[in-house]
Structures are given as structure tokens and as C-alpha cells.
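*Asks:* Numbering (UniProt numbering), first residue to last: 1 to 285.
Dropping a structure here in C-alpha cells format, bear with me for questions.
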Amino acid sequence: MQDSSDYDRNFVFTPADGSITPHLLLFAVQMLALTAPPFAGRQMLFSIAIVLLAIAASVNRFTSNPGLAQFFSLAWPHYLSVLEKLFTSHYPGPEAALWRVDRPAKEALHMYPFGVAKLLWAFVIWFNLRGIRWNYQVKNIPSGPPSSSGRWSFVARQLFVFIRLLLMADLLSQLAIHNFYTTLDGSVGTINSRWLTTRVESNFACQLYRTATVGMIPYTFMNLQYIAGAIVWVTLGISKPADWPPFFGNVSQVTSVRAFWGKFWHQMIRRVSAPVSTLLFNNHF
């Protein structure tokens, strides 16, 4: 059992004496990088700015609220995605390389720099990490609803899935409390979370059960948030049902470690990692 001072460290946060400004500027500079007109040095200028702001944001702790902090901590796949698009797009830039499959090719070349249309184009690129229904869509995306799928039938189906995931999330949360935060005498919340483990001595079945429940938590909560986004965006008419294929693949596809990461998992950073791995492979093998 750990001493009380070690347990109390769980409730001591690093002082939130930083500024939110670098975090907000990081997003703004990404939008500027994509909406700016083509010019010499654009790639290098904005890439350096994004990298410097990402470093500044990582050392500026401006809040002790875990929920708010998590929102900004998820910025990294987005700015890496923008950097990837800047570096892999030849002159005149991303405008000539990225477009929606139901729009004219190189559509952004005809948009006004910093205009509303180009800002929306840039935001969707920033938000849509898998490139759904864009010419850069990543491989192994599960089949989604057909383009002819009606808005309200799609929303109704997603509401049913949302309720199912919500119940599953509640069950997994209760199991986590029972498995990891409850002592043998039934006291809840007194276990030091810094020393949590799924290991159970001499009981492999219990260890497997604990590990499975832990593994299902991120799957369930990420899926829950994704379905909620689909319901809101399609209800408001901002996007179409076809823009929201399943976030994860089918469990039946998980026949190997490679299949797990390449087909089942969400593929959110595949577009970022693929060009880097290809470049390294071509240069060294």
C-alpha cells in the first residue's frame, strides 16, 4: 500500500500559469496556411510557424480542467496532417492537390484567398483526417451508407447506435470502477490510480477479463463521440450521410496485428504516417 503522500500526488496539478494564446494561434496559422494564395516560400514559412507554435502550445499549461485540457491535447494529429499536406503538395500548393470527389478537380484554385468558401474548404481538410469522400481518402475505410441514403433514416439509425454505445459506455465505466478503484472491503476511490494494473496473480481468466474491459473503453467512447458528431452534422445539413462511414472496421477482420491497425482501427493518422514511412523505406531499402 502506498503512503498518503504518494496518494495525494494524484490531486496535485502542474500550475496552470501559461497562456491559451499559442493554442489558438496554432489553429489560426493552420487555416492561414491552407487559405493563403500561392507564393514562393509559403510551404517553409507556414511549416516553421506551425512547428514553433506547436512547441509553444505544449509548454503552455493554461488550465487544470482535464476536459478542456484534453480538447487542446488532441491538436497534434491535425497540425501534423496540415504539415503533411504542405510538404507533399507541389506548387502552387494544396489547392492543386486536394479536392472533394463530387466537386471539380482543383476546385480551390478558383476560390478567393481567405474567402469564406476557401475557409470552409480548409476547415474540412483540417477536420477530415481520413479524407472521407476526398481524393486523398485513406485505404481500408469501411463501407458507409450509400450516397442516396436519406438524411432522416440515417439519423434515426445513428440515434439507435448512439443509445447502444451510451449504455455500453456506462457499463464499462461501472466495471472500471469495480475492477480498479474499489478495495476488497467495498471502499471506492481510495486506490492510488498511479499504480493501477490489469495483472492478477494466479488468475489468467480474470486478467484477460480486466484487459478486455480496458481495451473496450477507448473503442466505445471514440465511437460514441463520432456517432454524436454524425448525428449533429447530418441533422443540420452540413454534411451528408455518405460522409460518415463507420469509425472502426469489423472485428472479424482482426486476424493479425497488421490487420488490427491497418483495417480495424480508425485510420485517423494513416495519411500522416504513410508518406513518412514510404520516404524512409525508399531511401534506406
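By construction, the Cβ of each residue, glycine as well, lies at the ideal position given by its N, Cα and C atoms.
Remember, predicted model here, so these are calculated numbers, not experimental data.
To the nearest angstrom, how far is it from the Cα of Leu-98 to the Cα of Phe-154?
*Replies:* Each residue's alpha carbon lies about 27 Å from the other.
*Asks:* Let me make sure I understand the geometry here. Which of Gly-237, Leu-166 and Phe-123 has the alpha-carbon closest to that of Met-222?
*Replies:* Cα-wise, what sits closest to Met-222 is Leu-166.
*Asks:* Which one of Arg-157, His-178 and Leu-83 has the shortest CA to CA distance from Arg-271?
*Replies:* Selected option, being the one with the closest Cα: Leu-83.
*Asks:* Pull up the distance between the alpha-carbon of Trp-76 and that of Val-51, whole angstroms please.
*Replies:* Rounded to whole angstroms, Trp-76 to Val-51 spans 10 Å at the Cα level.
*Asks:* Take every Cβ of the region 91–107, pair it with every Cβ of the region 51–70, and state whether three or more of those distances are shorter than 8 Å.
*Replies:* Touching, no, given that fewer than three Cβ pairs across the two stretches are closer than 8 Å.
*Asks:* May I ask you to report which of helix, strand or coil DSSP gives Val-59?
*Replies:* The answer is coil: DSSP assigns Val-59 none of H, G, I, E or B.
*Asks:* Below 8 Å between beta carbons: does that hold for Pro-142 and Ala-242?
*Replies:* Taking 8 Å as the Cβ cut-off, Pro-142 and Ala-242 do not qualify as a contacting pair.
*Asks:* Would you tell me roughly how many angstroms separate the C-alpha atoms of Met-1 and Arg-194, rounded to the nearest one?
*Replies:* Confidence in Met-1 is poor, its pLDDT being 47 and thus under 50, which makes the residue's placement unreliable; the coordinate value appears in the next sentence. Cα to Cα, Met-1 sits roughly 12 Å from Arg-194.
*Asks:* Can you find at least 3 beta carbon pairs, one from the region 237–253 and one from the region 127–137, that sit closer than 8 Å?
*Replies:* Short answer: they touch.
*Asks:* Would you list, in sequence order, the uninterrupted beta strand (DSSP E) runs of no fewer than 3 residues that lie entirely inside the region 71–122?
*Replies:* Taking only runs of at least 3 residues, no beta strand (DSSP E) segment lies wholly in the region 71–122.
*Asks:* Going by other Cβ atoms of all chains shown within 10 Å of its Cβ, with 16 needed for buried, is Val-234 buried or exposed?
*Replies:* Buried, by the Cβ-count rule.
*Asks:* Evaluate Leu-196 with the Cβ neighbour count: other Cβ atoms within 10 Å of its Cβ, from every protein chain shown; 16 or more gives buried, anything less gives exposed.
*Replies:* By the 10 Å Cβ count, Leu-196 comes out exposed.
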